[in-house]
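This report refers to the structure that appears directly beneath it.
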Amino acid sequence: MSGRRRFYVETLGCPKNQVDSDKLVGTLVADGMVAVDDAASADLVVVNTCAFIEEARQESIDVVLDLAARKADGAELVVTGCLAERYGDELAGALPEADAVAGFGVPVTLGRKASGSAVPSFDLLNLPRPAPSAPWAYVKVAEGCDKACGFCAIPSFRGPQRSRSTEQLLAEVDGLAAGGVREIVLVAQDLASYGRDQGVGERRLVPLVDAVAARVDRVRLLYLYPSHLDDALVDAICATGVPYFDLSLQHVSPPLVRRMRRWGDGERFLDRIDAIRAQAPQAAFRSSFIVGYPGETEEDHDELLAFVRAARLDWGAFFSFSREEGTYAADLDGQVPAPLVAERLAELRGLQDDITAIHRDELVGEVVDVLVDAPGVGRSHREAPEIDGVIAVPDHLEVGTIHEVRITGATGPDCEAEPLTVGAVS
Ligand code: SF4
């Protein structure tokens with residue numbers, strides 16, 4: 003290997019963190035450093051942490067300690083991401099193994115150039131990206147959140163929403179498309195509020211979706227707060243050819259949803275889902291829910307079970323409530339005992355797994371377009387990358403091409419398919 007400094011980046015947590023890591027990699031490479039797969043051979047080891055819930059925080063700390071033990075003598079260890087942002091000083095004191103602890107909201111100085119001078123600090127949200135390694139990519143449209151959901155600490159450490167400009171985003175999309183990306187996955191803490199911080203009442207997501215759809219084959223939206231899913235946005239999503247709706251519902255029982263300081267209830271959610279299915283029968287739905295929020299009664303839980311049965315979502319994720327310091331919910335009475343939460347979670351997950359498997363079985367015989375992500379792995383509009391199931395395709399289909407395939411089988415969340423044409427459709 004050359005005399006250039008080598009770096010290793012480990013990423014934990016959500017897709018939004020992956021975008022930050024990609025950009026970090028891009029900057030370090032542009033700065034003359036070389037990425038390596040093995041922490042032990044790196045001069046600089048960066049851990050991009052997650053602080054979403056207790057489990058994620060513990061995992062982040064475990065990874066930092068593990069990498070501290072594995073890194074070469076003299077290599078630098080830098081901890082960044084949400085955990086660093088949230089517990090900066092405290093974390094720096096508790097983790098003497100780390101050479102630096104740096105959040106994203108502050109100028110970050112990572113490593114030193116071969117000459118010994120520091121790499122300049124940067125703004126992670128607007129860093130250039132490295133060449134894409136897959137035919138799809140996340141694009142983060144905003145940072146922070148203006149809502150105040152009872153369980154969520156994100157606004158307290160990521161700050162209010164700051165949307166990136168449409169021009170900046172489209173330039174990033176153009177760069178990714180030029181590098182072979184065919185599917186763009188738009189993400190933010192509260193995606194449907196994109197642009198609201200840029201002008202009173204201004205809605206910018208629909209024109210952004212239209213503009214991205216004009217540049218790449220697919221655009222997919224993740225994390226839509228249900229009250230913002232209006233007709234214009236539904237029409238825009240359907241018009242992209244990827245009728246995939248990732249709704250951030252969290253719960254359906256009206257008193258509990260109010261206690262979560264959120265909008266909506268099961269009836270309204272079902273009405274919306276039914277209306278979208280009537281408009282786009284191929285639409286796929288995903289949502290996530292919190293189980294065991296303080297005050298959740300047996301009736302609330304039954305209501306959620308009934309909703310899951312009625313909504314027949316393609317994909318559903320259920321998380322146990324995590325008591326986050328400084329949030330509204332941390333001090334609420336009616337904390338639900340852990341064994342009961344585990345029981346409710348198992349019941350909901352079992353039900354949703356069955357529903358997902360039925361949906362997948364029903365697809366057998368259907369013809370869909372798949373984008374080949376990796377040898378043998380394809381996805382139609384129904385599967386978000388890294389989150390949902392996949393469609394197994396023959397290994398010879400070229401990565402980055404789109405093929406018309408017939409689904410020939412299904413096992414749990416995954417399907418398998420055979421191409422209908424010899425070449426790619428595009
Ligand atoms: S919208 Fe999402 S990020 Fe914002 S406060 Fe609610 S849960 Fe947290």
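Number 428 marks the last residue of the sequence shown (the working numbering); no jumps.
Backbone N, C-alpha and C define an ideal beta-carbon position, used for all residues, glycine too.
Asked, Found
"Proximity test, Asp22 beta-carbon vs the ligand SF4 heavy atom, cut-off 6 Å", "no"
"Inter-residue spacing [alpha-carbon to alpha-carbon] between Asp176 and Ala348", "43 Å"
"His383 burial status per 10 Å Cβ neighbour count (16 or more: buried)", "buried"
"Between the CA atoms of Val374 and Asp397 - distance to the nearest angstrom", "10 Å"
"CA-to-CA distance, Gln191 to Tyr89, given in whole angstroms", "20 Å"
"Where the beta strand (DSSP E) through Ala419 begins and ends", "Asp416 to Pro421"
"Any 3 or more C-beta pairs closer than 8 Å across the segment 81-95 and the segment 31-51", "yes"
"Of the residues Cys16, Pro157, Ala136 and Phe287, the one placed nearest Glu445, counting alpha carbons only", "Here the chain comprises residues numbered 3 to 428, so residue 445 is not present and cannot be evaluated."
"Extent of the continuous beta strand (DSSP E) run through Tyr246", "Tyr246 to Gln252"
"Contact under 7 Å by Cβ, Ala44 with Ala77", "yes"
"Inside the segment 324-385 only - beta strand (DSSP E) runs reaching at least 3 residues", "369-376 and 379-381"
"Helix, strand or coil at Tyr89 [DSSP, three-state]", "helix"
"Cβ-based neighbour list, Glu400, same chain, cut-off 8 Å, excluding 5 preceding and 5 following", "Val374 and Ala426"
"Whether Leu249 touches Pro283 by CB criterion (7 Å)", "no"
"Minimum Cβ-Cβ distance from Pro339 to chain D less than 7 Å", "Structure shown: chain D not included; a single protein chain is present."
"Among Leu235, Leu85, Ala277 and Lys142, the one whose alpha carbon lies nearest that of Gln60", "Leu85"
"Contact the segment 208-223 vs the segment 251-269: 3+ CB pairs below 8 Å", "no"
"Cys147 CB to nearest heavy atom of the ligand PLP below 6 Å", "Among the ligands present in this structure, namely the ligand SF4, the ligand PLP is not found."
"Supposed close pair Gly294, Val343 - CB separation, criterion 8 Å", "3 Å"
"Beta-bridge pairing of Thr299 - partner residues as DSSP gives them", "DSSP, once it has assigned bridges, lists no residue as partnering Thr299."
"The segment 163-174 / the segment 308-318 touching (three or more Cβ pairs under 8 Å)", "no"
"His303 versus Arg351, Ala179 and Arg270, residue with shortest Cα-Cα distance", "Arg351"
"Gln163 classed as buried or exposed, judged by whether at least 16 other C-beta atoms fall within 10 angstroms", "buried"
"Nearest to Glu198 (by Cα), restricted to the options Gly182, Gly243, His230 and Glu174", "Before going further, note that residue 198 is Arg rather than Glu in the sequence given. Of the candidates Gly182, Gly243, His230 and Glu174, the one whose C-alpha sits nearest the C-alpha of Arg198 is His230."
"Reduced DSSP category for His230 - H, G, I as helix; E, B as strand; rest coil", "helix"
"contact_flag[the segment 138-155, the segment 322-336] where n(CB pairs < 8 Å) is 3 or more", "yes"
"Sub-7 Å separation of Ala412 and Asp335 beta-carbons", "no"
"Extent of the continuous alpha helix (DSSP H) to which Val208 belongs", "Leu207 to Ala215"
"Cα-Cα separation, Pro296 to Val338", "6 Å"
"Cβ neighbours of Arg325 in the same chain (closer than 6 Å, five flanking residues each side left out)", "Ala332"
"Cα-Cα separation, Arg6 to Pro341", "52 Å"
"Same chain, Cβ closer than 7 Å to Ala238, five either side skipped, listed in chain order", "Val208, Val211 and Asp212"
"Cutoff 7 Å; reference Ala104; Cβ partners in own chain excluding five residues on either side", "Val80, Thr82, Ala86 and Val110"
"Cutoff 6 Å; reference Leu188; Cβ partners in own chain excluding five residues on either side", "Val141, Val143 and Leu223"
"Distance between Gly318 and Phe291 (C-alpha atoms, nearest Å)", "8 Å"
"Residue closest to Leu46, alpha-carbon to alpha-carbon, out of Glu56, Ile389, Val31 and Glu57", "Val31"
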